[in-house]
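Undergrad: Here it is, the structure in full.
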Amino acid sequence: AITCNPLEWMVGTDIELTSVEVKLSFDAKGLWQAAHYRNFSHYVYLACYESPELLRNKLDGRLYEMAVEMDLGILSLTPAGAGGKGVKCMEINSPIRQTPRLSEVDLLLSAYADLLKLEKPGRRMLSQMQNV
């Protein structure tokens, strides 16, 4: 998810990135993959298709504690609706805002600029300097 907030008192915009790593089960591999996203995201979630109780108690609770210590958000995905055809999403832990390096955010946005129909960061900076 990308949130772009125009700033009235500054040139440009404030961009926040939220990343979600989705896994069928809560395990160390998924935890480390989600933790890697802190390099370029402001908020990071690990979403797993397991009940909240199972998420909290995996490996005697150590895996959950590690996720909390890494400031990751945890989402529980469980069957919902008639016949369990839907998915219920419950936030188990809220992520703590990270402060990734601007160069890492710009690199990610540049890589996906065309797909997301975003102005590439370099072009954005150039147009801002021309307007000053």
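Position one of the sequence shown corresponds to residue 980 (this note's numbering), numbered consecutively onward. Yeah, the Cβ is synthetic: ideal placement off N, Cα and C, and Gly gets one too.
Does the contact criterion of 3 or more C-beta pairs under 8 Å hold for the region 1011-1020 versus the region 1081-1094?
TA: yes
Undergrad: Which same chain residues end up closer than 7 Å to PRO1074 when comparing Cβ atoms and leaving out the 5 residues on each side of it in sequence?
TA: TYR1022, VAL1023, TYR1024, ASP1050, LEU1051, GLY1052
Undergrad: Could you say which of LYS1008, SER1004, ALA1014 lies nearest to THR997 if we only look at CA atoms?
TA: ALA1014
Undergrad: Can GLU1070 and LEU1054 be called in contact, C-beta distance under 7 Å?
TA: yes
Undergrad: Along the chain, where does the beta strand (DSSP E) that runs through SER1074 open and close?
TA: One point to set straight first is that residue 1074 is Pro, not Ser, in the sequence displayed. Segment: none, PRO1074 is in no beta strand (DSSP E) and carries neither H nor E.
Undergrad: Reducing DSSP to helix, strand and coil, say where GLU995 ends up.
TA: If DSSP states are grouped into helix, strand and coil, GLU995 belongs with the strands.
Undergrad: By the three-class DSSP mapping on this structure, what secondary structure does GLU1029 have?
TA: Of the three classes helix, strand and coil, the one that applies to GLU1029 here is coil, per DSSP.
Undergrad: I want to know whether the region 994-1008 touches the region 1035-1045 - three or more CB-CB distances under 8 Å.
TA: yes
Undergrad: Could you name the residues of the same chain whose beta carbon sits closer than 7 Å to that of ALA1059, not counting the 5 residues immediately before and after it, in chain order?
TA: Closer than 7 Å at the Cβ level, and outside the excluded window around ALA1059, lie GLY1065, VAL1066, LYS1067.
Undergrad: Which residues does DSSP pair with LYS974 in a beta bridge?
TA: Because the chain in this structure spans residues 980 to 1111, residue 974 falls outside the shown range and cannot be described.
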